[in-house]
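What follows is a short report on a single structure.
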Amino acid sequence: MRYLKYSAVLVALFITIINAFGSVEKIDISQNWKFRRAGETQWLDARVPGVVHLDLLRHGLIPDPYYGTNEDSVQWIEREDWMYETTFNIANISESTHYELVFEGLDTYASVFLNGEKILSADNMYLRWVIDVKPWLRPGINTLMVYFRSPMTVNEPKLSRPLPYHVTAENDAHKDKVSVYTRKAPFQFGWDWGPRMVSCGIWRPVYLLSWQDARVEDVQIFQEQLSDERADLRAAFRLSGAAPAGAQWVLRDAVTGAEYGRTAAGDTAAELKFNIRNPRRWWTHNLGEPYLYRFEALLMQGDAVLDRREIRFGLRTIEVIQEEDSIGRAFYFKLNGVPVFMKGANYIPGDALLPRRTPDDFRRLLQSAKDVNMNMIRVWGGGIYEEDLFYDLCDEMGLLVWQDLMFACSMYPGDDPEFFENVRREVTYNARRLRHHPSIAIWCGNNEIDMAWHHWGWQVRYLIAPGKAAKMWDAYQALFHRLFPAIIQNEDPGRTYVSSSPQSNWGKAENFNFGTMHYWGVWHGPDDFEGYKRNVGRYMNEYGFQSFPEWTTIRAFSQPTDWSLESEVMKRHQKSYIGNGVIAKFTNKHYKTPTDFQDFVYKSQLTQADGMRAAISSHRARKGHCMGTMYWQLNDCWPGPSWSGIDYFGRWKALHYTLRELYADLLIVADNDQSRLNVNLVSDQLKPVKGNLLIEVFRLDGRRVSSLMFDLDVPANSAGQYLALPLKTLLKHAKPQQVFARIRFMDASGELASTMHYFAPAKLMPLEKPELDIAVDEDTRTVTVSSKTLVRSLFLYSASGDCRFSDNFFDLLPGEARTVRYEGALGDGIKFQFVD
Ligand code: BMA
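For the record, in the sequence shown the residue sitting at position 793 is 792 according to numbering that gives the first Met the number 0, with numbers rising by one throughout.
What follows is the structure, encoded as structure tokens:
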């Protein structure tokens, strides 16, 4: 399904000039590629950008690796070498012209040959490679060949090095864990939510640049000072080649054409200071407008434009506050001087076979994040420094980005000079590539290494002798405490760097007072969902609970005989060591025993959403102490059970629908103990809100038990407990399982926030089988549902079509009619699931 989409976006043209400006020409070299396994003779046509798994799949040489247990049958690919070749035509080669071949990305160990001569050895998928090819280029047909060596065979000799970095690579699914020596996305070697897909290929665009005297290498805008009256900015220009006599840089507004200034081009570097009066600031989408300035830098000689570059830039200040306070150490962001509570999720690449992801996938995913009121995404360190488009979209949509460097969950050989130099170039390049994005809020050296090394038992578990351990920690410090902060300080001086996330370990209660926290007491530890309420840190950068993806997704990778937790397919798609058993345990605790596998899948999603509700509402209710909640994980890289709220195909699970309420700027948090109902209100709005809080308690058939109303003044950017009501007053003589509460906060304009509260677990409630009225209006593409009795977590779906509803997994009050929109095909009608 995904594969067809991928092929449909590729348009066949032999050589296309995709950009010509002034004297700089960009010649696309994505066509006419063929590939073969080294040692074989037959070439087959290939897609570039791409990777070898996708080419093999397209030719029917491997089965869909995401289906059933097929992952196993494609593992041989990683041990082979692969060759890619194309030809391109250059009409003539002029003496005065420069020719550069650019690979935006090579995955990973690639030797590049032009007309039989080796012109490059690449060893890092995160780097861009620019090669001056003039000496090897010929007029007429040129042959370009890329030879990819197996990351396994390249790195296996390193496993016998004196310092055993690889033993700590717990997620690497192979017994020979070469991932730590390879600058390739760590998750492709296997992770606890993804398959092992150690692919190779020309995974990002490749093209030839030709130009005369000079071309723009880079234009950067730096914000030196920002106030409401004025922004002081500096543009830094860099050239490849040498500026011709009299050349100058002109900086102007790309929309109005108004000029900010001009300066002599110098030899290769130049700077220009300029300012903007009454600047418009960039804000996250919930606090204001993510306003972007569009600048155009022109390299000019007289009236001729030699080259140009357009840069979008947002004016904002972002600070990371890490102050000691009376209980420990705070951690929060200030955007334009305002403390902002971060609401978001951890992001992983949306496909283990990276080039299959389309611009639409990025757009849909980030729009889904924005639609449920997230204001931050964490680009987690086991994946990739994302595509430019990803950050462009975050800039436009007003989403902030927590950017990890790509190091996760293992020690790295920072003592190896070659590795050190390699990652020095990697981080420098990516910091330069990404620093102009206003969305990026922070750089973080790695995911979890510091904690795992000091608190999660690595040194003992892997029997690392103290002398070796000291050297491995030195190597860690060389990278994360010295090299990377120095690079960020140099390349991106305005942004904070922290060495690792988390900064504090969840093992002890007092640790929740210090800095960033990954709380895994639920799932990896023994806690139940109550643990989320007790364990609230200063900035919750990870916590999570798994569920199964929806039925349509399960059907895409399995067949009826696989539909049980014990089947080989369900076990193999579960990558976490404790996996399916924990999902079943929690689901059975909260809901009645599932009637069949489909009912279990549905209830697993409700359980996950319940867990995240407990976590997120506890974090937000303690705003001030806690200033961020980023659950694990936003999305998936293949179809299967995982912590995600959005599955591989982009389908929203119950969790993602629930986030719309949980991440809204105004949130009601209700919780009860044996005697009282406590009601908190959280506001992320920057103005105070005045309104009425209405609490209504009903029996399951809709009869009202009690109703109370309160006038409330909610201060700007605040959280607080407003009410503690005796249950006796609310429930009268009813038992907790016989009633439910609807709590709404309203003003004259209508409802500002609302929530449902249950006084007993779903499992104990005598819910009746609902008689639903469902009316479909195909003209307006809406569905209206109603019921005489309470329906909890109503899930609408189409069994034969593929449909997305604007709202789903909602509670339907007795007598209430709810209308939702749908997209896609209804097939032969609407089906539904509900809590029994
Ligand atoms: C954290 C993450 C990931 C992992 C997740 C679930 O450790 O950083 O490495 O997938 O928890 O185990």
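Positions of the beta carbon are idealized from the N, C-alpha and C atoms, including for glycine.
Which stretch, first to last residue, makes up the beta strand (DSSP E) that contains T818? A816 to A824
State the Cα-Cα distance for the pair I275 and R261, rounded to the nearest angstrom. 15 Å
One or two residues paired with K727 in a DSSP bridge: Note: K727 sits in no beta bridge, so no partner.
Collapsed DSSP secondary structure at N677 in the structure displayed: strand
Mind checking G349: buried by the 16 CB within 10 Å criterion, or exposed? buried
Using the C-alpha atoms, what's the distance from Q366 back to H572? 27 Å
Tell me whether V568 is buried or exposed, calling it buried when 16 or more other Cβ atoms sit within 10 Å of its Cβ. buried
What residues in its chain sit with their C-beta under 7 Å from that of Y428, if we drop five residues either side in the sequence? L126 and R127
Buried or exposed, going by whether 16 or more other CB atoms sit within 10 Å of the CB of I553? buried
Same chain, Cβ closer than 6 Å to V668, neighbours up to 5 away in sequence not counted: S616, A620 and N679
Measuring only the C-alpha atoms, how far is T316 from I326? 27 Å
E660 - containing alpha helix (DSSP H), residue span: A653 to L661
For Q604, report the span of its beta strand (DSSP E) as first-last. Looking at the DSSP string, Q604 is not in any beta strand (DSSP E); the run it does join, the alpha helix (DSSP H), is F596 to A620.
Classify D171: buried if its beta carbon has 16 or more other beta carbons within 10 angstroms, exposed otherwise. buried
Relative to the C-alpha of D191, which candidate in P593, A613 and G543 has its C-alpha closest? G543
May I ask which residues mark the beginning and end of the alpha helix (DSSP H) holding S367? P358 to D370
Presumed contact (8 Å Cβ cut-off) between F389 and G627, rounded CB distance: At roughly 20 Å, the Cβ-Cβ gap does not stay under 8 Å, so F389 and G627 are not in contact.
Bounding residues of the beta strand (DSSP E) (the contiguous stretch that carries F87): W81 to I89
Roughly how many whole angstroms lie between the Cα atoms of V775 and Y656? 21 Å
Helix, strand or coil at M341 according to DSSP, with G and I counted as helix: strand
Tell me which same chain residues have a C-beta within less than 8 Å of the C-beta of I486, skipping the five on either side of it? R423, V426, T427 and A430
Within 7 Å: the Cβ of N446 and any heavy atom of the ligand BMA? yes
By Cβ distance below 6 Å, which residues in the same chain neighbour S837 in space, the five residues on each side in sequence not counted? Limits of the chain in this structure are 0 at one end and 835 at the other, which puts residue 837 out of reach.
Assign H517 to one of three DSSP states: helix, strand, or coil. strand
Check V847 in the structure and name its three-state DSSP category. A query on residue 847 cannot be resolved here, the shown segment of the chain reaching from 0 to 835 and no further.
At a threshold of 7 Å, does H453 count as lining the ligand BMA (C-beta to nearest heavy atom)? no
At which residues does the alpha helix (DSSP H) containing C443 begin and terminate? C443 -> not in any alpha helix (DSSP H); beta strand (DSSP E) instead, spanning I439 to C443.
Beta-carbon proximity of L113 to L158, cut-off 8 Å: no
If you reduce the DSSP assignment to three classes, tell me which class A733 lands in. coil
Does DSSP put P559 in a helix, a strand or coil? helix
Assign L711 to one of three DSSP states: helix, strand, or coil. strand
Below 8 Å, can you find three or more Cβ-Cβ pairs linking the segment 698-705 to the segment 679-688? no
Tell me where the beta strand (DSSP E) around E318 begins and ends. I317 to I320
With DSSP as the reference, label Y5 as helix, strand or coil. Note that Y5 has pLDDT 38, beneath the 50 cutoff, so the model's placement of it is unreliable and the number below is only indicative. Of the three classes helix, strand and coil, the one that applies to Y5 here is helix, per DSSP.
Those runs of the beta strand (DSSP E) which lie wholly inside the segment 199-258 and span at least 3 residues: 205-210, 213-225, 229-240 and 247-252
Examine the ligand BMA and report whether any of its heavy atoms sits within less than 7 Å of the Cβ of G381. yes
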